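K.L.:
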Amino acid sequence: MNLTQADFQERRDRLAEQMGPNSIAIIATSPEVMRNRDADYKFRADSSFFYLTGFAEPEAVATIETDESGEEYVYTLFCRERDREMEIWNGYRAGIDGAVDDYEADEACAIDLLDEEILEKLKNKQKLYARLGQRTDFDARITGWIQKAEQQSRGGGDVPSEIQQLDRILDEMRLHKSTKEIQLMQIASDISAEAHTRAMQAVQPNMMEYALEAELNYVFGKNGCVPSYNSIVGGGRNGCILHYVENNQPLKDGDLVLIDAACEYQLYASDITRTFPVNGKFSPEQKALYQVVLDAQIAAIDAIRIGNNYKEPHRVAVQILVQGLLDLGIMQGTLESIIADDSYRQFYMHGTGHWLGMDVHDVGSYKLDGEYRTYEEGMVVTVEPGLYIAPDDESVDEKWRGIGIRIEDDVVATASGPLVLTKNVVKSIDDIEALMAQS
Ligand code: GLY
Ligand code: MN
Ligand code: MN
Numbered sequence: 068m069n070l071t072q073a074d075f076q077e078r079r080d081r082l083a084e085q086m087g088p089n090s091i092a093i094i095a096t097s098p099e100v101m102r103n104r105d106a107d108y109k110f111r112a113d114s115s116f117f118y119l120t121g122f123a124e125p126e127a128v129a130t131i132e133t134d135e136s137g138e139e140y141v142y143t144l145f146c147r148e149r150d151r152e153m154e155i156w157n158g159y160r161a162g163i164d165g166a167v168d169d170y171e172a173d174e175a176c177a178i179d180l181l182d183e184e185i186l187e188k189l190k191n192k193q194k195l196y197a198r199l200g201q202r203t204d205f206d207a208r209i210t211g212w213i214q215k216a217e218q219q220s221r222g223g224g225d226v227p228s229e230i231q232q233l234d235r236i237l238d239e240m241r242l243h244k245s246t247k248e249i250q251l252m253q254i255a256s257d258i259s260a261e262a263h264t265r266a267m268q269a270v271q272p273n274m275m276e277y278a279l280e281a282e283l284n285y286v287f288g289k290n291g292c293v294p295s296y297n298s299i300v301g302g303g304r305n306g307c308i309l310h311y312v313e314n315n316q317p318l319k320d321g322d323l324v325l326i327d328a329a330c331e332y333q334l335y336a337s338d339i340t341r342t343f344p345v346n347g348k349f350s351p352e353q354k355a356l357y358q359v360v361l362d363a364q365i366a367a368i369d370a371i372r373i374g375n376n377y378k379e380p381h382r383v384a385v386q387i388l389v390q391g392l393l394d395l396g397i398m399q400g401t402l403e404s405i406i407a408d409d410s411y412r413q414f415y416m417h418g419t420g421h422w423l424g425m426d427v428h429d430v431g432s433y434k435l436d437g438e439y440r441t442y443e444e445g446m447v448v449t450v451e452p453g454l455y456i457a458p459d460d461e462s463v464d465e466k467w468r469g470i471g472i473r474i475e476d477d478v479v480a481t482a483s484g485p486l487v488l489t490k491n492v493v494k495s496i497d498d499i500e501a502l503m504a505q506s
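The end of the sequence shown is residue 506 by the working numbering, with every number in the run present.
Structural data, given as structure tokens:
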């Protein structure tokens, strides 16, 4: 399953349609980032840039220019020229011809000529669409181009007089996934589910957290994928640290391990969390808390229904989590008062989900006109309630302390109800214990 040039073109068509006449959109890919002397982080294209172009090389900028009628547009790709010496050292480049022949640019130009060429493109345009606030270095370049274009026109009025936030259009497009995008996310989810299954089968007391992370990475890597975010593998109390990424402690007999890890496939992300016992058997306390989180998660997933408010899954999850904390004697008071004064945040301090797509915390506004929006067909959201009893929380009986649990799945809103992309990894207590007993 691959996106084709026709898919990228259809996206450019939709963008151009919304830009109006005499407009130009400018979009750059991500910068290359140095890790430490002479060693780069592996390059990963900017999601919105790739969404429009399918072009994964660094040092690239795309422009879309609409004509006076607003019906036609020209797509230009600025990219690196072919260079035998550089290609021997650093790998293949599409070059100017490749940008036209393989990436279907109407025009292509060397990235080194961007500063000159863009001034020509700004002439006689009314509106400029740019992604302001994403990259300060590129924002400064855009400002510089406008200043220069103004000077050249000597106030003649033939440079854009209006600057619009390009992301307003692109983010809304990306928020609504096509059938093909959902298929790609399904593949990312299946591979990520396989990785979690392997981790459940591989874990042993005294194993290091990083060794368990290696089991996940093996599955991602053998499927040609990379993690879509830094993997969290936290044993015992480390499961209470929401963004724990050190993953360098031994996993202890009797503890749970929380894994929040997933991969991206063709730049489409998955995002899965599972929590399971290191020795394969939940203790009574672990079981009780886990079941509360699972009940909350299942009910929250069921709330991903077209027309429901974005926050409905969170509302549902909080009700069940708080009732569970009351039933177990971890909190005292009434359901209503604990929710009204937010005191449950002692144990559940994050939201229940976020948009998911090419970015793990994907683009797309959560509110429209100041109100939470409603789910629409093709929106993908995570559902990830949890409970975290801090190891030093003396307000709670000792037996609960240091237990951190989160369960996270990826869900598509569809006309026929919630579609769970990540269902291929078990999550009920019985299913987890049965899987782990076989290994
Ligand atoms: N893995 C990042 C998150 O769950 O939001
Ligand atoms: Mn998430
Ligand atoms: Mn996650």
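Note that CB positions come from ideal geometry on N, CA and C, so glycine has one too.
Predicted, not measured: the structure shown is a model, and the values here were computed from it.
(1) Does DSSP classify Cys307 as helix, strand or coil?
(2) Count the other C-beta atoms from every protein chain shown that fall within 10 angstroms of the C-beta of Glu403, then say buried if there are 16 or more, exposed otherwise.
(3) Taking buried to mean at least 16 other C-beta atoms within 10 Å of its own C-beta, is Gly374 buried or exposed?
(4) Going along the chain, which residues of its own chain have a beta-carbon closer than 7 Å to the beta-carbon of Gln85, five neighbours each way excluded?
(5) For Gly137, which residues in the same chain have their Cβ closer than 7 Å to its Cβ, ignoring the five residues on either side in sequence?
(6) Less than 7 Å between the C-beta atoms of Trp212 and Ile185, yes or no?
(7) Any heavy atom of ligand 3 closer than 6 Å to the Cβ of Thr340?
(8) Here's the rule I'm using: 16 or more other beta-carbon atoms within 10 Å means buried, otherwise exposed. How should Thr143 be labelled?
(9) Once DSSP output is grouped into helix, strand and coil, what is the label at Tyr411?
(10) May I have the straight-line CA-CA distance separating Lys188 from Asn305, to the nearest angstrom?
(11) With Val385 as the anchor, note down where its alpha helix (DSSP H) starts and where it stops.
(12) Assuming Leu242 and Trp422 make a contact with CB atoms under 8 Å, what is their CB distance in whole Å?
(13) Taking C-beta to C-beta, are Tyr335 and Met425 nearer than 7 Å?
(14) Please list, in chain order, all residues of the same chain as Gln253 whose beta carbon is under 8 Å from its beta carbon, the five residues on each side excluded.
(15) Measure how close the beta-carbons of Val430 and Asp206 come, nearest whole angstrom, since I'm counting them as under 8 Å.
(16) Please return the same chain residues whose Cβ sits closer than 8 Å to the Cβ of Ser298, not counting the five positions on each side in sequence.
(17) Using CA atoms only, rank isn't needed, just tell me which of Phe414, Leu233, Tyr108 and Tyr277 is closest to Ser462.
(18) Could you tell me whether the Cβ atoms of Val270 and Val345 are closer together than 7 Å?
(19) Where Asn491 and Pro485 are concerned, what is the direct C-alpha to C-alpha distance, given to the nearest angstrom?
(20) Is any heavy atom of ligand 2 found at a distance shorter than 6 Å from the C-beta of Glu451?
(21) Evaluate Ile155 with the Cβ neighbour count: other Cβ atoms within 10 Å of its Cβ, from every protein chain shown; 16 or more gives buried, anything less gives exposed.
(22) Please go through the same chain and pick out, in chain order, the residues whose beta-carbon is closer than 7 Å to the beta-carbon of Asp119, but skip the five residues on each side of it.
(23) When the distance is taken between beta carbons, is Glu171 closer than 7 Å to Gln72?
(24) Any idea what DSSP makes of Asp477, helix, strand or coil?
(25) Helix, strand or coil, according to DSSP, for Asp150 in the structure here?
(26) In whole angstroms, give me the CA-to-CA distance for Val167 and Ile91.
(27) Just checking my contact of Ile230 with Ala197 at CB under 8 Å: how many whole Å lie between their CB atoms?
(28) Could you check if Leu180 is buried or exposed, using at least 16 other CB atoms within 10 Å of its CB as the buried criterion?
(29) Look at the alpha carbon of Arg341 and the alpha carbon of Gln364, and state the distance between them as a whole number of angstroms.
(30) What's the gap between the Cα of Glu500 and the Cα of Gly302?
(31) Is the closest heavy atom of ligand 3 to the C-beta of Glu21 under 6 Å?
(32) What separation, rounded to the nearest whole angstrom, lies between the Cα atoms of Ile249 and Ser114?
(33) Check whether the Cβ atoms of Pro458 and Arg473 sit closer than 7 Å, and answer yes or no.
(34) Over what stretch of residues does the beta strand (DSSP E) that includes Glu229 continue unbroken?
(35) Taking 6 Å as the cut-off, is the C-beta of Asp429 nearer than that to any heavy atom in ligand 3?
(36) Going by C-alpha to C-alpha distance, which of Asp257, Asp322 and Ala278 sits closest to Asn290?
P.N.:
Concretely, from the data shown:
(1) By one-based count along the sequence shown, residue 307 stands at place 240. It is helical.
(2) As a working mapping, residue 403 is identified with position 336 in the sequence shown. Burial call: exposed.
(3) What you label residue 374 is simply residue 307 of the sequence shown in a count that begins at 1. It is exposed - the Cβ of Gly374 has fewer than 16 other Cβ atoms within 10 Å.
(4) Working through the sequence shown from its first residue, we reach residue 85 at position 18. Counting only Cβ-Cβ distances below 7 Å, and skipping sequence neighbours, we find Ile236.
(5) In the sequence shown, the residue the question calls residue 137 occupies position 70. Excluding its 5 nearest sequence neighbours in each direction, Gly137 has C-beta neighbours in its own chain below 7 Å: Gly87 and Pro88, listed in chain order.
(6) For the purposes of this step, residue 212 is taken as residue 145 along the sequence shown, with counting starting at 1. For the purposes of this step, residue 185 is taken as residue 118 along the sequence shown, with counting starting at 1. Contact: yes.
(7) Counting from 1 along the sequence shown, the entry for residue 340 is found at position 273. Using a cutoff of 6 Å, the CB of Thr340 counts as near ligand 3, since one of the ligand's heavy atoms is closer than that.
(8) By one-based count along the sequence shown, residue 143 stands at place 76. Counting Cβ neighbours within 10 Å, Thr143 comes out buried, since at least 16 surround it.
(9) Here residue 411 corresponds to residue number 344 of the sequence shown, with the count starting at 1. Collapsing the DSSP output to three states places Tyr411 in a helix.
(10) Working through the sequence shown from its first residue, we reach residue 188 at position 121. Working through the sequence shown from its first residue, we reach residue 305 at position 238. In this structure, the alpha-carbon of Lys188 lies about 53 Å from that of Asn305.
(11) Here residue 385 refers to the residue found at position 318 when the sequence shown is read from its first residue. Judged by DSSP secondary structure, Val385 falls within the alpha helix (DSSP H) whose first and last residues are Glu379 to Asp394.
(12) Here residue 242 refers to the residue found at position 175 when the sequence shown is read from its first residue. Here residue 422 refers to the residue found at position 355 when the sequence shown is read from its first residue. Between Leu242 and Trp422 a beta carbon distance of about 6 Å is seen, short of the 8 Å cut, so the two are scored as contacting.
(13) Stepping through the sequence shown from its first residue, residue 335 is reached at position 268. Stepping through the sequence shown from its first residue, residue 425 is reached at position 358. In contact: Tyr335 and Met425 (Cβ atoms closer than 7 Å).
(14) Your numbering for residue 253 matches position 186 in the sequence shown. Correct list, in chain order: Leu488.
(15) Stepping through the sequence shown from its first residue, residue 430 is reached at position 363. Stepping through the sequence shown from its first residue, residue 206 is reached at position 139. The beta carbons of Val430 and Asp206 sit about 18 Å from each other, so the pair does not count as a contact at 8 Å.
(16) As a position in the sequence shown, residue 298 is number 231, starting the count at 1. Result list for Ser298: Glu280, Leu283, Asn284, Val312, Asn314, Ile326, Asp327 and Ala328, in chain order.
(17) On the sequence shown, position 395 is the one that residue 462 refers to. The candidate whose alpha carbon is nearest that of Ser462 is Phe414.
(18) Taking the first residue of the sequence shown as position 1, residue 270 is located at position 203. Taking the first residue of the sequence shown as position 1, residue 345 is located at position 278. The answer is yes: Cβ separation under 7 Å.
(19) Along the sequence shown, read from residue 1 onward, the residue named residue 491 stands at position 424. Along the sequence shown, read from residue 1 onward, the residue named residue 485 stands at position 418. Going from the Cα of Asn491 to the Cα of Pro485 covers about 15 Å.
(20) In the sequence shown, residue 451 corresponds to position 384, counting from 1. Yes, since a heavy atom of ligand 2 falls inside the 6 Å radius drawn around the Cβ of Glu451.
(21) Stepping through the sequence shown from its first residue, residue 155 is reached at position 88. By the Cβ neighbour-count rule, Ile155 is exposed, with fewer than 16 other Cβ atoms within 10 Å of its own.
(22) Numbered from 1 along the sequence shown, position 52 holds the residue referred to as residue 119. Note on residue identity: the sequence assigns Leu, not Asp, to residue 119. For Leu119, where only same-chain residues beyond five positions count, the Cβ hits under 7 Å are Phe75, Arg78, Arg79, Leu82, Ile94 and Ala129.
(23) To locate residue 72, count along the sequence shown from 1; it is residue 5. To locate residue 171, count along the sequence shown from 1; it is residue 104. Taking 7 Å as the Cβ cut-off, Gln72 and Glu171 qualify as a contacting pair.
(24) Here residue 477 corresponds to residue number 410 of the sequence shown, with the count starting at 1. The answer is strand: DSSP assigns Asp477 an E or B state.
(25) Taking the sequence shown and counting its residues from 1, one reaches residue 150 at position 83. The three-state secondary structure of Asp150, taken from DSSP, is coil.
(26) For the purposes of this step, residue 167 is taken as residue 100 along the sequence shown, with counting starting at 1. For the purposes of this step, residue 91 is taken as residue 24 along the sequence shown, with counting starting at 1. The straight-line gap from Cα to Cα measures roughly 19 Å.
(27) Within the sequence shown, numbered from 1, the residue matching residue 230 stands at position 163. Within the sequence shown, numbered from 1, the residue matching residue 197 stands at position 130. The Cβ separation is near 6 Å, so the contact holds.
(28) Position 113 of the sequence shown holds residue 180. Leu180 should be labelled exposed.
(29) Stepping through the sequence shown from its first residue, residue 341 is reached at position 274. Stepping through the sequence shown from its first residue, residue 364 is reached at position 297. Distance between Arg341 and Gln364, taken at the CA atoms: about 12 Å.
(30) On the sequence shown, position 433 is the one that residue 500 refers to. On the sequence shown, position 235 is the one that residue 302 refers to. Spanning the two alpha carbons is a distance of roughly 17 Å.
(31) Nothing can be reported for residue 21, as the shown portion of the chain is limited to 68 through 506.
(32) Position 182 of the sequence shown, counted from the start, is the residue given in the question as residue 249. Position 47 of the sequence shown, counted from the start, is the residue given in the question as residue 114. C-alpha separation (whole angstroms): 16 Å.
(33) Translated into positions along the sequence shown, residue 458 becomes position 391. Translated into positions along the sequence shown, residue 473 becomes position 406. In this structure, Pro458 sits away from Arg473, with a CB-CB distance that is not shorter than 7 Å.
(34) Taking the first residue of the sequence shown as 1, we reach residue 229 at position 162. DSSP places Glu229 in the uninterrupted beta strand (DSSP E) bounded by Glu229 to Gln232.
(35) By 1-based counting over the sequence shown, the position of residue 429 is 362. Not under cutoff, so the answer is no.
(36) The residue given as residue 290 occupies position 223 in the sequence shown. Residue Asp257 is the option with its Cα nearest to Asn290.
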